[in-house]
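Chemist: Please read through the structure below; I'll follow up with questions.
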Amino acid sequence: MLEDWHIPQSGRVQLLPGWQLYPRSVVEVEATTYFLVRQAVGAGKVLAVVGDAAPFEGERQGDVLLCSLSAANAAALRARLPWLNPQPLDLALSAGCGDRLGLATPGHVRAVRAVGGIAPIWAQQSIRENARTGRTPQQVIDDAMWGLFQEGWREPWGADADHLKTTADVDLCVAAGYSFYTVDPGDHVDNTAHTAPAEELEGKVRALPWDRLEDSPEGLQARYLDCRSEVEGVSIEFSSVSLARAAAKYGRAIAHTAQMYRHLAAQLDQFELEMSVDETETPTSVEEHWFIANELGRLGVRWVSLAPRYVGSFEKGVDYIGSLAEFEAQFAQHAAIARALGPYKLSLHSGSDKFSVYPIAARHTRGLVHLKTAGTSYLEALRAVAGTDPGLFRDILALARERFEVDRATYHVSGQLANVPTPAAVSDADLPGLLDQFDSRQVLHLTFGSVVAALGARLLAALQGDEEAYYARLEAHFRRHLVPFVN
Ligand code: ZN
């Protein structure tokens, strides 16, 4: 028996038995209809085009052109349906939904829709994550685009080229059409200035790239010394030592950010910039935040969000570690500065699972906030697999245990391998519970690159075999992340 669906305009389109339609994907524009189907559960998805299918590459089946989800077909579809292109979100309350496997966007869309009031960044990946997952910036955007097409998302959305360190990184992401560029000048932050004695700071300040800063030590002092600024009750005042410390610590990072900004502005009319120093070793003080924002502004940089390095620890995949009272006291002042010197958003990097921080961030930013998540969607994928394919989950856990000590090198985490059980020691029923245990979460989280390299095909097949299970986990998990920001 033929299974058929009513497709607007073109009447009834017949496809072979077993084909599955994604009903929210169906869209008709200028007498051409587009929708997503797959041939069987677990099979790859294809784009179906009925009508003017000229720019698409595919195989004809009656009235329908069936097209692979290739980069060329993604580009052709974006050209036809403008809402499939990422765009600037300005100062809207926003959340980044990084997705290392490329299958999570439908779950993210469902959560954002359910919660409402949040501008989404559906594509977000750093060059480091690209290297670990073997994906390109273009694939990251395309995967997110197919996901939002599947769910019929038509509102504005962004694509975040995360943690860009060089102009070559920028160029890759400009070519792929990103809308939001996160510049990470962390390699140019001098963490030793945080505690260096005054005489050492003097030398560091003299050695700053004054030409690139379009400034001089005297000019710097004239702007900041002997003046006191007041922002919503927060008073900002520099001594010659604290000014030298701020300049020594962040001067090169500011010059690098300005260079990255100008490199972008030379290529793009429309883009958003974030400056992030979240992955540096020493916290950004309120005065240093003030200094960074003033200096970037002086150099003509325009940015939409900024990620200081906050006090305490934002470790991957687990809640905030540190004093919440101290965090709140500092964060409130950072938020006041972001309002006064922008306004721009404060960005929460490694924002996954920081449930105790969300209410504080929401309260003090009054909506001027951007939440970044990434690895937590991968952990939800593992949680889904722990339920549907315990054998595969055990293989992933075994590999993660084996790789953890090596893979953790570029991350700050306190999880201990000794607290993670061996696969054989856990019953099937208890496997999903490992995703609620601190050490296991971090061991599984950090080893994603090794797991994707060795077991990626099996993992993707397992998730595609039961998509709804994965989407349901994601939706529930992201609602918990987003609700505190809109209440
Ligand atoms: Zn980050």
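If you want my numbering, it's the position in the sequence shown, counting the first as 1, plus 55.
The C-beta atom is built at its ideal place from N, Cα and C for all residues, glycine as well.
Being a predicted model, the structure only gives us computed values, none of them experimental.
Just to confirm, does D333 get its C-beta within under 7 Å of one of the non-hydrogen atoms of the ligand FAD?
Modeler: Looking at this structure, you won't find the ligand FAD anywhere; what it does contain is the ligand ZN.
Chemist: Roughly how many whole angstroms lie between the Cα atoms of M56 and L120?
Modeler: No answer about M56 holds up, because its pLDDT of 30 lies below 50 and its placement is not dependable.
Chemist: Using only the alpha-carbon positions, how far apart do W345 and A299 sit?
Modeler: Looking at the two C-alpha atoms, the distance is approximately 14 Å.
Chemist: Tell whether a beta-carbon distance below 8 Å holds between T443 and A524.
Modeler: Yes, Cβ-Cβ distance for T443 and A524 is below 8 Å.
Chemist: Name the DSSP beta bridge partners of E83, please?
Modeler: In the DSSP output, where bridge partners are listed per residue, E83 has T88.
Chemist: Does the separation of the CB atoms of V229 and L323 fall below 8 Å?
Modeler: A contact, by the Cβ cut-off of 8 Å.
Chemist: How many Å lie between I376 and D408 at the Cα?
Modeler: Approximately 11 Å between the Cα atoms of the pair.
Chemist: Among M200, P252, N185, which has the Cα closest to the Cα of L227?
Modeler: Considering only alpha carbons, the answer is N185.
Chemist: Taking F503 and R187 to be in contact with their CB atoms under 8 Å, please state how far apart those CB atoms are, rounded to whole angstroms.
Modeler: Indeed, because the Cβ distance is near 7 Å, the residues count as touching under 8 Å.
Chemist: Below 8 Å, how does it come out for the region 415-428 and the region 472-482: are there three or more Cβ pairs, yes or no?
Modeler: These segments do not touch.
Chemist: Any heavy atom of the ligand ZN within a distance shorter than 7 Å of the CB on S405?
Modeler: Yes, Cβ of S405 sits closer than 7 Å to a heavy atom of the ligand ZN.
Chemist: Under the three-state reduction of DSSP, which class applies to L57: helix, strand or coil?
Modeler: Note that L57 scores 39 on pLDDT, short of 50, meaning its location in the model is unreliable and no value can be drawn from it.
Chemist: Candidates T339, A509, L501, L354: which alpha carbon is nearest L275's?
Modeler: Closest by alpha carbon: L354.
Chemist: Around the C-beta of A464, are 16 or more other C-beta atoms found within 10 angstroms, so that it is buried, or is it exposed?
Modeler: A464 comes out exposed.
Chemist: Given this structure, state the Cα-to-Cα distance separating V167 from L156, to the nearest angstrom.
Modeler: Answer to the nearest angstrom: the Cα atoms are 19 Å apart.
Chemist: Which complete alpha helix (DSSP H) runs does the region 293-329 hold, if anything under 4 residues is left out?
Modeler: Here the runs fully enclosed are 295-320.
Chemist: Mapping DSSP to helix, strand and coil, what is G213?
Modeler: Strand, per DSSP.
Chemist: Does the distance from the C-beta atom of L219 to that of I176 stay below 8 Å?
Modeler: The answer is no: Cβ separation not under 8 Å.
Chemist: Out of A150, R261, V538, A303, which has the shortest C-alpha to C-alpha gap to A214?
Modeler: Of the listed residues, the one whose Cα sits closest to A214 is A150.
Chemist: For the ligand ZN, is there a heavy atom less than 7 Å away from the beta-carbon of H218?
Modeler: The answer is yes for H218.
Chemist: By alpha-carbon positions, which one of D521, L537, G106 ends up nearest to G97?
Modeler: The candidate whose alpha carbon is nearest that of G97 is D521.
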